[in-house]
Amino acid sequence: MTVAALARKSLTEVDEPSSPSLRFGPDKPLKLEAGVDLSPFQIAYQTYGELNAQKSNAILVCHALTGDQHVANRHPVTGKPGWWEILIGPGRIIDTARFFVVCANVVGGCMGSTGPASANPATGKPFGLDLPVITVRDMVRAQAMLIDHFGIDQLFCVIGGSMGGMQVLEWAASHGRRVFSALPIATGARHSSQNIAFHEVGRQAVMADPDWCGGRYIEAGRRPEKGLAVARMAAHITYLSEPALHRKFGRSLQDREKLTFGFDADFQIESYLRHQGMSFVDRFDANSYLYMTRAMDYFDLAAEHEGRLAEAFSGTKTRFCVVSFTSDWLFPTAGNREIVHALNAAGASVSFVEIETDRGHDAFLLDEPEMFRAIDGFLRSAARARGLSA
Amino acid sequence: MTLQAFQSAGTDSLPTEAPSPGLDGPRVDLEVIASFVPQGARVLDVGCGTGELLERLQAEKGVDGRGVEIAQRNVNLCVARGLSVIQGDADSDLVFYPDKAFDAVIMSQTLQATRRPKPVLEDLLRIGERVIVSIPNFGHWRVRLSLLLRGRMPVTRDLPYSWYDTPNIHFCTIRDFVALCDEVGARVERAVALDASGSRIGWSMPWWFWNVFGQQAVFVLRQ
Numbered sequence: 001m002t003v004a005a006l007a008r009k010s011l012t013e014v015d016e017p018s019s020p021s022l023r024f025g026p027d028k029p030l031k032l033e034a035g036v037d038l039s040p041f042q043i044a045y046q047t048y049g050e051l052n053a054q055k056s057n058a059i060l061v062c063h064a065l066t067g068d069q070h071v072a073n074r075h076p077v078t079g080k081p082g083w084w085e086i087l088i089g090p091g092r093i094i095d096t097a098r099f100f101v102v103c104a105n106v107v108g109g110c111m112g113s114t115g116p117a118s119a120n121p122a123t124g125k126p127f128g129l130d131l132p133v134i135t136v137r138d139m140v141r142a143q144a145m146l147i148d149h150f151g152i153d154q155l156f157c158v159i160g161g162s163m164g165g166m167q168v169l170e171w172a173a174s175h176g177r178r179v180f181s182a183l184p185i186a187t188g189a190r191h192s193s194q195n196i197a198f199h200e201v202g203r204q205a206v207m208a209d210p211d212w213c214g215g216r217y218i219e220a221g222r223r224p225e226k227g228l229a230v231a232r233m234a235a236h237i238t239y240l241s242e243p244a245l246h247r248k249f250g251r252s253l254q255d256r257e258k259l260t261f262g263f264d265a266d267f268q269i270e271s272y273l274r275h276q277g278m279s280f281v282d283r284f285d286a287n288s289y290l291y292m293t294r295a296m297d298y299f300d301l302a303a304e305h306e307g308r309l310a311e312a313f314s315g316t317k318t319r320f321c322v323v324s325f326t327s328d329w330l331f332p333t334a335g336n337r338e339i340v341h342a343l344n345a346a347g348a349s350v351s352f353v354e355i356e357t358d359r360g361h362d363a364f365l366l367d368e369p370e371m372f373r374a375i376d377g378f379l380r381s382a383a384r385a386r387g388l389s390a
Numbered sequence: 001m002t003l004q005a006f007q008s009a010g011t012d013s014l015p016t017e018a019p020s021p022g023l024d025g026p027r028v029d030l031e032v033i034a035s036f037v038p039q040g041a042r043v044l045d046v047g048c049g050t051g052e053l054l055e056r057l058q059a060e061k062g063v064d065g066r067g068v069e070i071a072q073r074n075v076n077l078c079v080a081r082g083l084s085v086i087q088g089d090a091d092s093d094l095v096f097y098p099d100k101a102f103d104a105v106i107m108s109q110t111l112q113a114t115r116r117p118k119p120v121l122e123d124l125l126r127i128g129e130r131v132i133v134s135i136p137n138f139g140h141w142r143v144r145l146s147l148l149l150r151g152r153m154p155v156t157r158d159l160p161y162s163w164y165d166t167p168n169i170h171f172c173t174i175r176d177f178v179a180l181c182d183e184v185g186a187r188v189e190r191a192v193a194l195d196a197s198g199s200r201i202g203w204s205m206p207w208w209f210w211n212v213f214g215q216q217a218v219f220v221l222r223q
């Protein structure tokens, strides 16, 4: 497929996704934290495996900033395998022969759930920036409506990394009774100042692109590709680590013997980042990127408890397993440990593992055997406690 | 390693456990500790190692068990075994637990490896209705003899570390520990001394006898 064809395909996914989707009419508005109702709205989702008769074997997977619902199937736009197929599937650690796995595109996204590229029912044109700002709490509230639709009272587990981990924490804090076990990975109970700073760089890059057209680029038939690519390049650096970059690229030159004394991509790392940027714009909506990053920036679970995070989890019966990575400087172990301490203070059942790796924040998406062992052990013991047969 | 390789590799590929403080050899104190834990209790094991005691307490006593362990490798092993364990340091992390959150807080062969045993013990007493502590006895005759005759810090069969690489930075004798209990206002509900063979030394024996012949001791304390 050509780049233009890919882009067209990703645009059709917005209103007519290849995933099943659920439309909530005027009788079921999504009450947003911004103080307005989003109605009607749509959620696109994927499911794998079968829900058992007791409806006790459901696992909700929450995706990260630029992820989507295609967690364990071929991606309809890029044709790539699902983003967590290494963990989820038949015979995998999250075995779809045992569990009913649900993954939904978050509200504000661009793969079929209502987002800035979706048609605004009031105008018939894409929302653009007329879509109210979406928060992690809004995303989770919408997911809860989807889970209601399946008739599931309590999820066996909610799992996710990064922004997905924020959703896991929000589920546990706001819908604790509905979460038997929770697996927040490489995440934080609030976005740090440094992380907000990186996101702001990304947003400014998008908005500085003349093709952004004040957010109305779809009607203008244009795409802020350069701005979005730069945003992705900057963000991608934060997902890696200095040692991993050094190991993969060092100062190696790209298809050349010596420096060119120009501003072409002399170094392999430059070429790699440019590729990351360009392949991202084929599948992702620039405005959606603004909304997703904003949702993460606004996330602060302790804010409504005057900074006392433990109170967000008081009385929780949910079993937690928190996972962090040694080389993750975006969501460092210290932030994950804060969650653990708060859960301890709330008297929660909590496990905490820090995985040693040089692969940075992205490690949660990669083949990390020790992470798999921890997830496997945690889920097995939770399944025993829940009375799910092995 | 690919996922398939990981799944088929089984236990061979499990990371090895990190060395633990305290006495080397079979942990006879765990038997005694387990006997002091009531059925179905809420238990926190501070310095739980690879989770041997927690696993046993869950199987035999049906406890709701949690663990804290300083060595990350051990923590990962525990979680892979399905235990509820966090990586943490008794010296700094016990403050995050609420008062009387557990029926029993266990610290086996770990107190002597903490930087500040006194505040640690105070925190344990605050967190648990009961505190079960086991300590290696530095007053054991073998240790005394070694210091007396050789004039060197004792390196015995059961305490194999040299002074410069031992994790046991705050050794004490049974009598020292009893004095510390007094100082922090802890009541000794029960105490058992074990000799080198792991047998209990009779109740009727005086403290000085325990202090010479007890290789280790297990205490049940209350605030």
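Going down the list, the sequences are from chains A and B. First residue of the first sequence? That's 1 in the numbering used here, and the numbers climb one at a time after it. First residue of the second sequence? That's 1 in the numbering used here, and the numbers climb one at a time after it. Cβ coordinates follow ideal geometry from the N, Cα and C atoms, glycine included.
Chain B has no Cβ within less than 9 Å of the Cβ of C157/A.
Rounded to the nearest whole angstrom, the CA to CA distance from G139/B to E338/A is 40 Å. Listed in chain order, the non-local C-beta contacts of R200/B below 8 Å within the same chain comprise V32, V192, A193, L194, local neighbours out to five positions each way being set aside.
By the C-beta density criterion, D27/A is exposed, having fewer than 16 other C-beta atoms within 10 angstroms. Under the Cβ criterion of 9 Å, R81/B is counted among the residues facing chain A. In this structure, S324/A places its C-beta atom within 9 Å of the C-beta atom of V353/A. Here the region 173-192 of chain A lies against the region 301-318 of chain A, with 3 or more beta-carbon pairs under 8 Å apart.
Annotation for E170/A: the continuous alpha helix (DSSP H) segment containing it runs 163-174. Along the region 366-380 of chain A, going in chain order, the ones with a CB nearer than 8 Å to a CB of chain B are D367, P369, E370, F372, R373, A374, D376, G377, F378, R380.
For N74/B, the secondary structure class from DSSP, reduced to helix, strand or coil, is helix. Here D37/A is exposed, its C-beta having fewer than 16 other C-beta atoms within 10 Å.
Q87/B sits buried, since 16 or more C-beta atoms from the chains shown fall within 10 Å of its C-beta.
Annotation for P116/A: no beta strand (DSSP E) segment contains it, and DSSP assigns it neither H nor E. For a Cβ distance threshold of 8 Å, nothing in chain A lies close to I174/B: the least Cβ distance comes to about 32 Å. Relative to T16/B, the option among D376/A, G377/A, E370/A whose CA is nearest is E370/A. A contact is defined here as three or more CB-CB pairs under 8 Å, and the region 146-162 of chain A meets this definition with respect to the region 186-198 of chain A. Contact residues of the region 54-69 of chain B toward chain A are D64, R66 (C-beta to C-beta distance below 8 Å). Listed along chain A is no residue with a C-beta nearer than 8 Å to that of Q39/B; the closest approach is about 18 Å. Boundaries for S134/B: no alpha helix (DSSP H) harbours it, while the beta strand (DSSP E) harbouring it runs 128-136, taken from the DSSP string. Spanning the alpha carbons of G89/A and S92/B requires a straight line of approximately 41 Å.
Interface criterion met: the Cβ of G347/A is under 9 Å from a Cβ in chain B.
With a minimum length of 4 residues, the unbroken runs of alpha helix (DSSP H) contained wholly in the region 210-285 of chain A fall at 225-239, 242-248, 268-281. Exclusion of the five residues before and after A196/B leaves Q215 as the residues of its chain whose Cβ lies within less than 7 Å of its Cβ. In the DSSP assignment, I43/A falls within the unbroken beta strand (DSSP E) covering 41-48.
Judged by DSSP in its simplified three-state form, K31/A adopts strand.
Taken in chain order, the unbroken stretches of beta strand (DSSP E) that lie wholly in the region 327-381 of chain A and span 3 residues or more are 349-355. Annotation for A7/A: R223, D282 place their beta carbon closer than 7 Å to its own, counting only its chain and skipping 5 residues before and after. Closest by C-alpha distance to T50/B, out of L77/B, V133/B, R157/B, F96/B, is L77/B. Rounded to the nearest whole angstrom, the C-alpha separation of Y272/A and A235/A is 13 Å.
Per DSSP, the beta bridge partners of E69/B are Q87/B.
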